[in-house]
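Structure record follows, encoded as structure tokens.
Protein chains: 2
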Amino acid sequence: MELLASERKASRLDTEQITNLIYGGREMVKRKREIENAVASDPNLDNSYYHYQTTEERFSEAVRKFTYSITKKMPQLKISGPVESHLFRRAVESTNPYALQIIMFIPTIRGQCTQEQKDKWLPLALNYDILGCYAQTEMGHGTFVRGLETTATYDPERQEFDIHSPTLTSTKWWPGGMGVIATHAIVPARLITKGEDKGIHNFIVQLRSLENHKALNGITIGDIGPKFGYDEADNGYLRFDHVRIPRDNLLMRYSQVLPDGTYVHPKSEKLSYGTMVYVRSTLAYSSFDWLSRAVTIAIRYSIVRRQTQNKPGELETQLLDYVNQQYTLIPLLSSAYALYFISQYMLRLYTKSQSHLAQDNIESLPELHATSSGVKSIATSMALKGIESCRLSCGGHGYSLSSGFPYIFYQAAPSVTYEGDNTVLLLQTAHYLVKMRQRVLENPNTSLPDNLTYLSNQRGYSRPISLDFLSTRDQLIMYEGMARSSVDRALAKLRDGARKGNDRFDARNGAAIELTQCAEAHTYYVIVKSFIESVEGREVRSMISHNQTILQSLSNVFSLHYMLSRSGSFLECGVLHSTDLVELRRVLMSLLEQVRPEAVALVDAFDIPDIILRSVLGRKDGDVYRAMWEWVELNPRNKHRFGVHPVYRKYTKQLLKSSL
Amino acid sequence: MELLASERKASRLDTEQITNLIYGGREMVKRKREIENAVASDPNLDNSYYHYQTTEERFSEAVRKFTYSITKKMPQLKISGPVESHLFRRAVESTNPYALQIIMFIPTIRGQCTQEQKDKWLPLALNYDILGCYAQTEMGHGTFVRGLETTATYDPERQEFDIHSPTLTSTKWWPGGMGVIATHAIVPARLITKGEDKGIHNFIVQLRSLENHKALNGITIGDIGPKFGYDEADNGYLRFDHVRIPRDNLLMRYSQVLPDGTYVHPKSEKLSYGTMVYVRSTLAYSSFDWLSRAVTIAIRYSIVRRQTQNKPGELETQLLDYVNQQYTLIPLLSSAYALYFISQYMLRLYTKSQSHLAQDNIESLPELHATSSGVKSIATSMALKGIESCRLSCGGHGYSLSSGFPYIFYQAAPSVTYEGDNTVLLLQTAHYLVKMRQRVLENPNTSLPDNLTYLSNQRGYSRPISLDFLSTRDQLIMYEGMARSSVDRALAKLRDGARKGNDRFDARNGAAIELTQCAEAHTYYVIVKSFIESVEGREVRSMISHNQTILQSLSNVFSLHYMLSRSGSFLECGVLHSTDLVELRRVLMSLLEQVRPEAVALVDAFDIPDIILRSVLGRKDGDVYRAMWEWVELNPRNKHRFGVHPVYRKYTKQLLKSSL
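Residue numbers (full-length UniProt numbering), protein chains in the order written: chain V, 1 to 660; chain L, 1 to 660.
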């Protein structure tokens, strides 16, 4: 306890400034704490027993809590707008069984319906008169959306679509909210009219009765069973046996089917990108949220926990004073901040693109798509690996659910797959990079988006002459050089494949490793750049006057730690020489030393309350061992009569007496 | 289904030969299958419902199954010896709630008791008249055993020890089998006699009544609650309030306390190393077992699963035909084989050391300790990361418990912490390496153990002149060069710290990164070497005549993939030039191409039956999608009246009707 207090006392940071930066200002932080305190003090929303619940209890409790929240608590707290709503939900439970209504069903209606359709569906959804989900993924098809098999065949006689699951693999599989809860679904299916397959379109289909919640005729539906985590979500399966829906249940803002079955083409396929990009940018934010929780737990525990008496007469060393622990946790702390800044960058990019889209200007979409794909992939992978490293850095206690790590891991784990498999997304980013590089090579005057201008450098990149690892300018030059050389390597490999007469797919497949590597290189460059520019930029500087130096150190840690861990790539292209590595290590070590005394303040700044951390190791007061004891006192397994568990009477007794 | 069949048909391997190699000969494989079939066909040992059980059900079921097994099934099958016993347990359930009896309690009695003590305790334990656990770890102390706080104070009046938990943090915490099951424990505690603290010694303490299983007076005991996994284990806590035990409950083979309290010193502290080294070598085998399961699932599913139609008119591409998928899974396949060979190497090393120990020859112990520490650390980390990569390579379905991945992950996850935290172990290996290197520098004629002779190379290492990546000799030279340069870097850093006037701990701590890196470098070298020597050695060659080429390819994949992923280290020391990387990638790619057609055969050779995999994705017949459907039909959540889950009536209905 006193250990954390003395770290806090010694800190020279103004953590409140950073908290204000992260949550969007002093007023919002005040509101955030108001909401969190209201949740913490409401016995209806108590979660202290969470880790002891079964999957079924967690699900049922989550439904209870969110029903109560939506009908009572949120109105009472006057929760309004997506930010407050997010803060509330985060305090109650990260997984809201009704979440798909908010994050997919309503946005899709808003984005893809005609005004008339919106007038019909939006009020129903906003009032929770219906409960929607988004039934895209099938047993046999995930990321490759064009391969979905569910059909929607138009019948001009009855002006209806016939929705059907023609194969076992076409069974809808995974959609959240579908297994138990939803009454309606948005169903992507192949639109077939006049005998022609027009590709995947979205339809609204009612699944369950609004009277008694039974599945409607022709609908086979249920829950796909327990997962690695997300116990609160009813991921479902769904099969259609020629289910009929009216023609205007096709979402018709972009493409239409006229009553006679005539298909009207959309203006641009790309117009529906908006939601996807938005969801991806929120995933960068979620990655920040998850990783910052894990880092908070690991750093606080590493102050409280001592291991090994290394000097006679002294106490055992605190974990965070081991250089190995610093080398693990401080780069992860810097990664959490990097993820915060890149998520804000992505949001700004999204907002800008929306204003372009509003003017039917789709010019910025390819870059937006490429950047958001790369960032989604790198951010979610970085968070997932980082969470696991945090857990491992806490030794054995990290394996207990009470540490809070498994819960965070469960939350983050599927993010590397959903909303586009990370490898597939990297390839998409790569194809764009290679295309732009080719374009520049053909015409050096091609204008490139800001993050890609390094591709037009004709000279090439070499090691900065008087290389200073603490110069952000030098860092960026090195990242640019490394990224450009990766792009060129991928391009060369592609050309090599083409020369050998491979078709497009085989050439791309043959270059797949180089392609994913160049996408990773580029995306790290973008993240490093956004970190540097944010910290050096006027806007952030004005908000964090007392903390700029430490944020600069974190930015340096992030950039140099990745450089060292991928030194092979920086050496290969020549922007780094092998004789530089000793100096690189030295600089990184001295940065770790600088950040070490502020590590607790820097996680305190995330302002994650104990009700969200749910961790005996990471609690704010550092009273770790007492918390562990309180935790076992909750254990139902210890509450049997005379302290003897029923397995004794039922089984173990036989064994003990078997030789008598 | 047909997809796997056609892979098998096209294979040119004799997988049975490899299976025989892995399990120790044709007869043992026959016996293994006999055992597995007997388990699979016994309804008392059915595990098809496993993934749907709650933590409490899994625990209770495991106790039931193993009580039944020990009292009935194992005698019936005439299971004898540790190998058969392992094969049986593996088929029933990897976690046996009575396992600590076998793997810790009995071996410790065997290793650390006097003959008289053995005569008393062994028959009781072997007959299951008592149930033992090993109560070492405390809330506040894990890997740093010297810091344990539990005291055993000798009272010469009554010739008893007084066992006591003086602080909250001295509470025993984590021991398996202790929470619910055990009647006795081996308790490491500080031996205090005549007012002097003699350090940690082992005591046998009875915990629960043999009559009614109630905790004895002075004992506070229970279960520490749910974990990331190991639902079948009752990891416990335990506090002593001045519990009295007879003097001869101190395990007295090595040190004694005479009736008057006189302490008799042990001959060598190192004599008790044996068990530890044995357990670590079995962990290398477990790492092989876990990773081979994950790889089996991922590779089979990657044949069955198709994604994206890449060529007009053709079916979608099978996952394993994507180079990215090959680049993930084939190196992991090679890692599984590498882990198999290193585990065999470790066992041989252990056996050799036991025969030395029997002659009180402790010369080989330091190397044994260093090698086993490094291998334990690298093997468990490799397996854990590999399992996670396998899961991620299977996209969304990998996140379902039905994939089998989460279960394997849960099993492997704590292994990086227990039996010595991996980072601490690497440091121990490193200190040994640095010491030996110093010794050689001081005296070039120092004789070194086989795996360390590269440290005595005076010339240093440079890039082989006509470098051939497929030459195992060249590979070993490069690994030796990389490892030696890592050791030298650590040594330089240590000296640097000493020069600056740091004390021993501060100097070591300042060099911690270089130290862990050199231990990793050395250990990879040892693993690569054991892989190469096993495959090229006469013994293995004679057993796998038809498969040597493919095993050589796997050995090359393992060695070159690591070289590429750590290219920075190989470039830094100059054994690799950056211009070599293009060729290195090319060679690795062509190896992946060679292995790809045999990937299914190579996982089939692990011979892991479906009852052990418990995976809808990895089943041998490849009938994945039908299995997924059968899996949801088991789901109790889908079995409510009219298909309507109770949460509807209790909660969701209110929400849906709230605006009416």
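In this text, a Cβ means the ideal position worked out from N, Cα and C, and glycines have one as well.
With a CB to CB cut of under 7 Å and the five nearest residues on each side skipped, what residues in its chain are close to Q206(V)? Walking along the first sequence from the start, residue 206(V) turns up at place 206. Only T183, H184 and L216 meet the Cβ criterion.
For L131(V), would you say it is in contact with chain L, using Cβ-to-Cβ distances shorter than 8 Å as the test? For the purposes of this step, residue 131(V) is identified with residue 131 of the first sequence, where counting begins at 1. So yes, L131(V) belongs to the interface.
Contacts of I513(L) in chain V (Cβ-Cβ under 8 Å): In the second sequence, the residue the question calls residue 513(L) occupies position 513. Chain V residues near I513(L): V323, N324, Y327, R585 and M589.
According to DSSP, is N202(V) helix, strand or coil? Against the first sequence, residue 202(V) aligns to sequence position 202. Correct three-state label for N202(V): strand.
Can you tell me whether E598(V) is buried or exposed? The criterion is at least 16 other CB atoms within 10 Å of its CB, across all chains shown. Indexing the first sequence from 1 puts residue 598(V) at position 598. Flag for E598(V) reads buried.
Taking Cβ-Cβ distances shorter than 9 Å, what residues in chain V pair up with I303(L)? The count along the second sequence starts at 1 and reaches residue 303(L) at position 303. The contacting residues do not exist; I303(L) stays about 14 Å from chain V at best.
Inter-residue spacing [alpha-carbon to alpha-carbon] between G460(L) and G537(L): Sequence index remark: in the second sequence, residue 460(L) carries index 460 (1-based). Sequence index remark: in the second sequence, residue 537(L) carries index 537 (1-based). Computed Cα separation, rounded: 28 Å.
Using DSSP's beta-bridge definition, name the partner residues of L238(V). Within the first sequence, the letter at position 238 stands for residue 238(V). According to DSSP, L238(V) bridges with K172(V) and I221(V).
Label F59(L) either buried or exposed according to how many other C-beta atoms from any shown protein chain fall within 10 Å of its C-beta, with 16 as the threshold for buried. Locating residue 59(L) in the second sequence gives position 59, counting from the first residue. Buried: at least 16 other Cβ atoms inside 10 Å.
So which residues on chain V does residue 694(L) lean against when the C-beta distance must stay under 7 Å? The structure shown does not extend to residue 694(L), since chain L spans only 1 to 660, so no value can be given for it.
When the Cα of C573(V) is compared with those of T579(L), C573(L) and L320(L), which residue comes out closest? Translated into the one-based positions of the first sequence, residue 573(V) becomes position 573. Closest option to C573(V), Cα to Cα, is T579(L).
Taking Cβ positions only, does G147(L) come closer than 8 Å to chain V? Against the second sequence, residue 147(L) aligns to sequence position 147. G147(L) counts as touching chain V.
Our contact map puts F531(L) next to S555(L) with C-beta atoms below 8 Å; I'd like the distance itself, whole angstroms only. Taking the first residue of the second sequence as 1, we reach residue 531(L) at position 531. Taking the first residue of the second sequence as 1, we reach residue 555(L) at position 555. That pair is a contact at about 5 Å.
Work out the CA separation of R89(L) and L124(L) for me, nearest whole Å. Your numbering for residue 124(L) matches position 124 in the second sequence. Your numbering for residue 89(L) matches position 89 in the second sequence. Taking the straight line joining both Cα atoms gives about 22 Å.
For K653(L), name the three-state secondary structure that DSSP assigns. Start at 1 with the first residue of the second sequence, and residue 653(L) comes out as number 653. Reduced to three states, the DSSP call for K653(L) is helix.
Is E480(L) helix, strand or coil by DSSP? Along the second sequence, one-based indexing puts residue 480(L) at 480. Three-state result, E480(L): helix.
Cut-off 7 Å between Cβ atoms - residues of its own chain near A338(V), not counting five sequence neighbours on either side: Here residue 338(V) corresponds to residue number 338 of the first sequence, with the count starting at 1. Excluding positions up to five away in sequence, the list reads I527, F531 and F558.
Are the C-beta of L392(V) and some C-beta of chain B separated by less than 8 Å? Absent from the structure: chain B. Protein chains present are V and L.
Minimum C-alpha distance to Y454(V) - residue among D503(V), H522(V) and R508(V): Residue mapping note: residue 454(V) aligns to position 454 of the first sequence, counting from 1. The shortest C-alpha separation from Y454(V) is found at H522(V).
Could you check whether the stretch 440-456 of chain V touches the stretch 413-423 of chain V, counting it as contact only if at least three pairs of C-beta atoms, one from each stretch, sit closer than 8 Å? no
For N485(L), which residues from the same chain have a beta carbon less than 6 Å from its beta carbon, with the 5 sequence-adjacent residues on both sides left out? The residue given as residue 485(L) occupies position 485 in the second sequence. Note that residue 485(L) is Ser in the sequence shown, not Asn. Around S485(L): C573.
Exposed or buried, E539(V), counting other C-beta atoms within 10 Å across all chains shown (16 or more means buried)? Counting from 1 along the first sequence, the entry for residue 539(V) is found at position 539. Per the 10 Å Cβ criterion, exposed.
Excluding the 5 residues preceding and the 5 following C133(L) in the sequence, name in chain order all residues of the same chain whose CB lies nearer than 6 Å to its CB. The residue given as residue 133(L) occupies position 133 in the second sequence. Excluding positions up to five away in sequence, the list reads L100, P175, G177, M178, A182 and A185.
When you compare the stretch 286-304 of chain V with the stretch 313-323 of chain V, are there three or more beta-carbon pairs, one atom per stretch, that lie closer than 8 Å? yes
Go through its chain and collect everything with a Cβ distance to E480(L)'s Cβ below 8 Å, but skip five positions before and after it. Residue mapping note: residue 480(L) aligns to position 480 of the second sequence, counting from 1. Closer than 8 Å at Cβ, skipping near neighbours: Y454, N457, Y461 and Y525.
L332(L) to F341(L), Cα distance in whole Å? Position 332 of the second sequence, counting from 1, holds the residue named residue 332(L). Position 341 of the second sequence, counting from 1, holds the residue named residue 341(L). For L332(L) and F341(L), the distance between alpha carbons rounds to 14 Å.
In DSSP terms, what P188(V) is bridged to: Taking the first sequence and counting its residues from 1, one reaches residue 188(V) at position 188. In DSSP, P188(V) forms a bridge with N202(V).
Reduced DSSP secondary structure (H/G/I, E/B, other) of G179(L): To locate residue 179(L), count along the second sequence from 1; it is residue 179. Here G179(L) sits in coil by DSSP.
Sequence-distant residues of its chain with Cβ nearer than 6 Å to S334(V) (five each side left out): The count along the first sequence starts at 1 and reaches residue 334(V) at position 334. The residues are L554, V557 and F558.
Sequence ranges, alpha helix (DSSP H) only - wholly within the stretch 599-650 of chain L, length at least 4: 599-604, 610-613 and 624-633
Unbroken alpha helix (DSSP H) runs of length 4 or more, entirely within the stretch 365-399 of chain V: which are they? 365-393
Continuous beta strand (DSSP E) stretch holding D155(V): start and end: In the first sequence, counting from the first residue as 1, residue 155(V) sits at position 155. Counting along the chain, the beta strand (DSSP E) containing D155(V) begins and ends at T151 to D155.
Hey, which unbroken runs of the alpha helix (DSSP H) at 4 residues or more fall wholly within the stretch 430-500 of chain V? 472-499
Environment of residue 676(L) [buried if 16+ CB atoms lie within 10 Å]: Residue numbering for chain L in the displayed model covers 1 to 660; residue 676(L) lies beyond these limits and cannot be assessed.
Starting from the beta carbon of A413(L), find every residue of chain V whose beta carbon is closer than 7 Å, and list them in chain order. For this step, residue 413(L) is matched to residue 413 along the second sequence. Neighbours of A413(L) on chain V, chain order: Y399.
Label H397(L) either buried or exposed according to how many other C-beta atoms from any shown protein chain fall within 10 Å of its C-beta, with 16 as the threshold for buried. Taking the first residue of the second sequence as position 1, residue 397(L) is located at position 397. H397(L) comes out buried.
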